[in-house]
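Structure first, then comments.
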Amino acid sequence: MNLIKEEWRFFLENNTKVYQCFYTIALIAVVYTYSFKRYMVDDIYVELTLFSLLLSLVTFIWHLYLHKWSKGSLFAVTAVGICLVLLPSEFYLIDFAPDFSLLSFFLLSVSVDPKQPNLVTIVFYAKILLAIGVLLFYINGKIPDATLYRPAKHLLRHSYGFMHPNSLSMFVMSLFYDFSLMRKKTVPLSEVLWLIMLGLLVYSITDSRTGLLIFTVILVTSLLKKQLLRYKVSGKLVFQSILAVFVLGTLLSYFYQPESSVFHSLNSMFSGRLRNAHAYIKAYGFRLLPRRVPDLHYANGARIFNENYYVDSLMRQGILVYLLFPVMIGLQTLKKRFTLYHFIFILSAFLTAMIEDYGVSLGICTILLFNYFGLPDEKSGSSENLEEYSRPEI
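If you read the sequence shown in our numbering, its first letter stands for residue 1, the second for the next number, and so on.
Below you can see the structure in the form of structure tokens.
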């Protein structure tokens, strides 16, 4: 009995620290669940997804107990309810990992403690552990090396267990994002050289132009981190920029014209994503409510992949569910400020979603925790308040 009383006393005295620990576990569960979709059969993956969503829900309820209701938390629970009612359960339990991570985003983005130290660092090492596990399974022959041949370069692309070369590239870029976020104001030259070597190695293995572009952005931004942290941009500008990408990511494919030299150049730059997304828009269009969108195929029977997150999500989720995401982002950004450093990372993540169907998922992009990386708006917070948001890792 005394032991129970001692444990309860410890919990009450360290409520915030215990919550932060639980939140970190819930976030890592999202990262792992999002990645395991490629390796698990449906029944096991459903159980893992339900467990992960349950952790996110408990975290959300715990946050409400500690901080009461806010506009963000009220909208979050409403958005989750709408998704659960309107989206077919297979979407977020089996078929589409981005739909699962969308639910987790609603619950966890509003529940993060801005004062939690080393959150990104712990997530970074959890991803490292995940990568080591995948590589060990690949080396032992449990996971295949998906290879693709690029005739123009006479190049064989490898995945080394990550199911697709682009998957390997995006996962490593996710590590680069988190590594930069968790570092101090400047990245030592020795680490920069290692990053360059690793980035070029990944590019030589995967031949992912998107990965190379993201790596370049991360590298330059990291080198200028000390200077970029000095400048602040309004949450209004951040939200307007994100909204512009949502619109642009859809309209470019909607108005795509194969005979136009401009669109031809853009389509080549986007590795054929505009053309493929346009084919789906032409075949199915957009609707208000969610629905299944059958795959399209070329004349030779090969599947046409729609890897534009915005077009794919809008067609499957329907306009009503799709709009919940940007509204949630607006609630978390409009009354905050962001450093120019974090703004570049945020915008690059959303721009990437025009090319990769990973989308802007919490399972890949830790930068989506807007409440964690944002600063109070000058109109609502004093300089003393700003100091409370200074975390060692950023």
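Note that beta-carbon positions come from the ideal geometry of N, C-alpha and C, so glycine has one too.
What you are looking at is a predicted structure, and each value in this text was computed from that prediction instead of being measured.
Continuous beta strand (DSSP E) stretch holding residue i: start and end
i: Val-233; result: 232 to 234
i: Arg-157; result: 155 to 157
i: Arg-275; result: Segment 273 to 284 is the alpha helix (DSSP H) holding Arg-275; no beta strand (DSSP E) there.
i: Thr-186; result: Taken as a continuous stretch (DSSP letters only), Thr-186 belongs to no beta strand (DSSP E), as it is neither H nor E.
i: Thr-366; result: From DSSP, Thr-366 is part of no beta strand (DSSP E); its letter is neither H nor E.
Buried versus exposed call for residue i [16 or more other C-beta atoms within 10 Å across all chains shown]
i: Asn-140; result: exposed
i: Leu-12; result: Any reading at Leu-12 is ruled out, since the residue's pLDDT is 45, under 50, leaving its predicted position unreliable.
i: Thr-16; result: exposed
i: Tyr-45; result: buried
i: His-63; result: buried
i: Arg-337; result: buried
i: Asn-300; result: exposed
i: Tyr-231; result: exposed
i: Leu-201; result: exposed
i: Thr-49; result: buried
i: Met-315; result: buried
i: Ile-344; result: buried
i: Thr-216; result: exposed
i: Pro-400; result: The question about residue 400 has no answer, for the chain in this structure spans 1 to 394.
i: Ile-132; result: exposed
i: Ile-128; result: exposed
i: Gln-317; result: buried
i: Lys-37; result: buried
Residues near residue i by beta carbon distance below 6 Å, same chain, minus five either side
i: Leu-320; result: Leu-288
i: Leu-347; result: Ser-241
i: Ile-143; result: Phe-137 and Gly-161
i: Tyr-358; result: Met-170 and Ile-364
i: Gln-116; result: Gln-20
i: Gly-330; result: Phe-239
i: Thr-333; result: Gly-235, Val-238, Phe-239 and Phe-370
i: Leu-55; result: Ala-26 and Ala-29
i: Ile-122; result: Thr-24
Residue i (DSSP reduced to helix, strand or coil)
i: Thr-147; result: coil
i: Leu-129; result: helix
i: Tyr-323; result: According to the sequence shown, residue 323 is Leu rather than Tyr. Residue state, collapsed to three classes: coil.
i: Lys-142; result: coil
i: Ile-304; result: strand
i: Lys-68; result: coil
i: Arg-292; result: coil
i: His-297; result: strand
i: Arg-287; result: coil
i: Leu-338; result: Note on residue identity: the sequence assigns Phe, not Leu, to residue 338. Here Phe-338 sits in strand by DSSP.
i: Leu-84; result: helix
i: Pro-376; result: strand
i: Ala-349; result: helix
i: Met-163; result: coil
i: Phe-426; result: No answer is possible for residue 426: it lies beyond the span of the chain, which begins at 1 and ends at 394.
i: Asn-118; result: coil
i: Ile-355; result: coil
i: Ser-111; result: coil
i: Ser-361; result: coil
i: Phe-106; result: helix
i: Phe-171; result: helix
i: Phe-137; result: helix
i: Lys-5; result: With a pLDDT of 47 at Lys-5, under the threshold of 50, the modelled position of this residue cannot be trusted, and the question is left open.
i: Leu-93; result: helix
i: Leu-229; result: coil
is_contact[residue i, chain B] using C-beta, thresh 8 Å
i: Tyr-372; result: The structure shown has no chain B; it contains just one protein chain.
Alpha helix (DSSP H) segment containing residue i, residue limits
i: Thr-206; result: 189 to 206
i: Arg-38; result: Taken as a continuous stretch (DSSP letters only), Arg-38 belongs to no alpha helix (DSSP H), as it is neither H nor E.
i: Met-269; result: 261 to 269
i: Ile-218; result: 209 to 223
Chain-order list of residues whose beta-carbon lies under 8 Å from that of residue i (same chain, five-residue window excluded)
i: Asn-166; result: Thr-206, Ser-208, Thr-210, Gly-211 and Glu-356
i: Ala-76; result: Phe-60, Phe-106, Leu-107, Ser-109, Val-110 and Met-328
i: Ile-304; result: Asn-276, Ala-279, Tyr-280, Asp-295, Leu-296, His-297 and Tyr-298
i: Lys-225; result: Ser-180, Arg-183, Lys-185, Thr-186, Val-187 and Tyr-341
i: Leu-223; result: Val-187 and Val-192
Cutoff 7 Å; reference residue i; Cβ partners in own chain excluding five residues on either side
i: Ile-214; result: Met-173, Ser-348 and Thr-352
i: Leu-155; result: Asp-207
i: Ala-283; result: Leu-296
i: Tyr-32; result: Leu-130
i: Asp-145; result: Tyr-138, His-158, Ser-159, Tyr-160 and Gly-161
i: Ser-253; result: Leu-274, Ala-277, His-278, Ile-281, Asn-308 and Val-311
i: Leu-148; result: Arg-157 and Pro-165
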